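Terminal number for the sequence shown in my numbering: 106, no gaps in between. We put the beta carbon where it would ideally sit given N, CA and C, even for glycine. From a predicted model like this one, the values you see are computed outputs, not experimental measurements. Shown next, in structure tokens, is the structure this report addresses.
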Amino acid sequence: MLAVLVLAAIAAIAAPPRLAMLGDVVFPRHTGPGELPPAVFPHWVHRMQFKCYACHDALFQMKAGANPVTMDAIQAGKFCGICHNGKTAFAVGFTTCNRCHR
Ligand code: HEC
Ligand code: HEC
Ligand code: HEC
Numbered sequence: 005m006l007a008v009l010v011l012a013a014i015a016a017i018a019a020p021p022r023l024a025m026l027g028d029v030v031f032p033r034h035t036g037p038g039e040l041p042p043a044v045f046p047h048w049v050h051r052m053q054f055k056c057y058a059c060h061d062a063l064f065q066m067k068a069g070a071n072p073v074t075m076d077a078i079q080a081g082k083f084c085g086i087c088h089n090g091k092t093a094f095a096v097g098f099t100t101c102n103r104c105h106r
């Protein structure tokens with residue numbers, strides 16, 4: 005009994021922190037059959053290069069699904085398009101659709 009409690013305590017301490025903010029955010033709106041796969045935002049890749057406040061909350065509210073991101077907005081240089089313009093990061097174009105939609 006004691007051993008079980010000790011093991012449970014160790015497991016609780018050793019459990020990794022909640023990884024939600026480290027992981028990928030999948031944009032769910034765009035998932036219809038026959039369409040492109042949904043867009044994925046890999047948080048970790050971005051966090052290696054930017055502080056949180058580069059994006060939060062000026063560009064994106066810190067909540068999955070809370071931001072009205074559309075392709076039109078991106079191509080107008082908003083949201084992802086602020087950086088994904090061929091200068092700061094790869095541009096949106098027909099050779100790069102599947103880097104985000106995967
Ligand atoms: C390059 C931009 C960018 C950077 C830098 C960034 N984030 Fe985010 N973050 C996003 C985007 C995009 C989303 C998803 C928003 C959506 O789904 O509408 C998001 C979502 C989140 C969420 C909500 C996750 C959920 O499941 O609801 C949290 C929490 C978060 N970010 C925390 C952080 C923290 C903490 C940092 C810094 C350590 C950080 N972010 C850095 C762009 C960024
Ligand atoms: C930089 C990342 C990125 C690239 C590159 C990209 N998309 Fe998107 N796309 C998104 C995000 C984010 C959304 C919002 C999805 C959501 O909310 O579910 C989106 C949404 C869409 C939608 C849903 C309708 C709309 O207009 O919002 C379509 C269709 C789409 N993309 C097609 C494309 C095509 C075709 C390409 C290549 C020419 C492309 N995307 C390239 C990130 C990207
Ligand atoms: C603050 C600038 C910034 C914003 C905003 C931003 N990105 Fe990025 N993103 C980058 C940079 C820089 C890279 C790495 C350089 C490159 O791949 O061109 C990158 C890389 C990526 C990659 C490739 C990751 C890999 O595995 O190689 C994807 C996918 C991506 N971004 C999607 C998105 C989506 C979707 C959004 C909007 C929800 C977004 N990004 C918003 C700067 C940004």
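Check your understanding: Between His105 and Pro32, which are expected to be in contact by the criterion C-beta below 8 Å, what is the C-beta distance as a whole number of angstroms?
Key -> In fact, because the Cβ distance is near 12 Å, the residues do not count as touching under 8 Å.
Exercise for review: Could you pull the start and end residues of the alpha helix (DSSP H) that Val49 belongs to?
Suggested key: Start and end: 47-51.
**Study point:** Ala43 in three-state terms, based on DSSP
**Key:** strand
Exercise for review: With a threshold of 16 other CB atoms inside 10 Å of the CB of Phe54, please say whether the residue is buried or exposed.
Suggested key: It counts as exposed.
Exercise for review: Kindly indicate which three-state DSSP category Asp61 falls into: helix, strand or coil?
Suggested key: coil
Review point. From Ala62 to Gly27, what does the alpha carbon distance come to, in whole angstroms?
Key: 20 Å
Practice item. Would you tell me roughly how many angstroms separate the C-alpha atoms of Thr100 and Ile78, rounded to the nearest one? Key: 13 Å
Practice item. Following the continuous alpha helix (DSSP H) through Ala77, name the residue where it begins and the one where it ends. Key: 75-79
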